[in-house]
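Chains as they are written, first to last, in our numbering: chain C, 1261 to 1373; chain S, 988 to 1098. Contents: one structure, followed by commentary.
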Amino acid sequence: DTAVSQTPKYLVTQMGNDKSIKCEQNLGHDTMYWYKQDSKKFLKIMFSYNNKELIINETVPNRFSPKSPDKAHLNLHINSLELGDSAVYFCASSLSEGAGTQYFGPGTRLLVL
Amino acid sequence: DAKTTQPPSMDCAEGRAANLPCNHSTISGNEYVYWYRQIHSQGPQYIIHGLKNNETNEMASLIITEDRKSSTLILPHATLRDTAVYYCIVRVAGYGQNFVFGPGTRLSVLP
């Protein structure tokens, strides 16, 4: 069974559209994260959720909004997509917020045209 | 910004040990050293972590110098599937502590 899964794997869309990326973990973890990896391959954290509460919110545009219906899911909604949003987005989870071991999903490759 | 310095790339012959160095000269006493790797197009994968003692698991060994200012990740018998970008990260365990990924070391295992 896949521990951390993301859908879709690929997403191609036009500028200005709104899109969502879904993430699910079946590890029973309390904390989930979203990372962005840009064209230069730098991996940067965007958000983390612990027990449905946002506990880290890095300086990302407010067009990005994480939504967690329950502790096994953390979806990423993006409004008014821009060219610069093109990147690979990774979801991850950890047992708790303080735990150092994070388990990453396979990534969602977003291309904004 | 990442608190670690790693060589941008390294080569290793298949079957030989791969020794990946990492400098973290400003590490604090309560910061752990973590290693992750990212195989092409996949999500990062946890390898190992340590505080001050050397650590070993089924994937690798982590050697931390006595002053904790540097460490070495050792893959004892590298295979082609170990070709990846390896990230060395220092992080305090606890609430609100991010992982900050630097550019890492691109390890190429050659046949």
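We treat Cβ as the ideally placed atom computed from N, Cα and C, and that holds for glycine.
Run through the DSSP bridge pairs and tell me what residue i is partnered with.
i                : result
T1092 of chain S : S:Y1073
F1307 of chain C : C:W1294, C:N1317
T1361 of chain C : Answer is none; T1361 of chain C lacks a bridge partner.
N1010 of chain S : S:T992, S:S1057
K1279 of chain C : C:I1338
G1344 of chain C : BP columns for G1344 of chain C are empty, so no partner.
I1050 of chain S : S:T1059
Write down the C-beta distance between residue i and residue j rounded to the nearest angstrom, noting that I regard them as a contact closer than 8 Å.
i                : j                : result
N1317 of chain C : S1280 of chain C : That pair is no contact at about 18 Å.
Y1019 of chain S : V1077 of chain S : 7 Å
H1027 of chain S : G1360 of chain C : Between G1360 of chain C and H1027 of chain S the Cβ distance is about 24 Å, and since that is not below 8 Å, they are no contact.
L1062 of chain S : A1004 of chain S : 7 Å
N1041 of chain S : I1034 of chain S : In fact, because the Cβ distance is near 14 Å, the residues do not count as touching under 8 Å.
Look at the alpha carbon of residue i and the alpha carbon of residue j, and state the distance between them as a whole number of angstroms.
i                : j                : result
L1097 of chain S : G1288 of chain C : 39 Å
H1011 of chain S : T1291 of chain C : 27 Å
M997 of chain S  : T1092 of chain S : 7 Å
K1039 of chain S : N1085 of chain S : 20 Å
K1304 of chain C : D1298 of chain C : 9 Å
I1315 of chain C : V1079 of chain S : 16 Å
S1095 of chain S : H1064 of chain S : 13 Å
Q993 of chain S  : R1055 of chain S : 15 Å
Y1270 of chain C : G1276 of chain C : 18 Å
Y1021 of chain S : S1058 of chain S : 10 Å
A1332 of chain C : Y1363 of chain C : 13 Å
K1282 of chain C : P1366 of chain C : 12 Å
Does any residue of chain S bring its CB to less than 9 Å from the CB of residue i?
i                : result
Y1363 of chain C : yes
L1303 of chain C : yes
P1366 of chain C : yes
F1350 of chain C : yes
Does the beta carbon of residue i come closer than 9 Å to any beta carbon on chain C?
i                : result
G1016 of chain S : no
H1036 of chain S : yes
S1048 of chain S : no
V1096 of chain S : no
P1031 of chain S : yes
Y1073 of chain S : no
R1078 of chain S : yes
Legend entry - Contact the region 1353–1369 of chain C vs the region 1264–1278 of chain C: 3+ CB pairs below 8 Å: Yes, since at least three Cβ pairs between the region 1353–1369 of chain C and the region 1264–1278 of chain C fall closer than 8 Å, the two stretches touch.
Legend entry - Contact between the region 1338–1350 of chain C and the region 1320–1327 of chain C (3+ Cβ pairs under 8 Å): The region 1338–1350 of chain C, when compared against the region 1320–1327 of chain C, does touch it at the 8 Å Cβ threshold.
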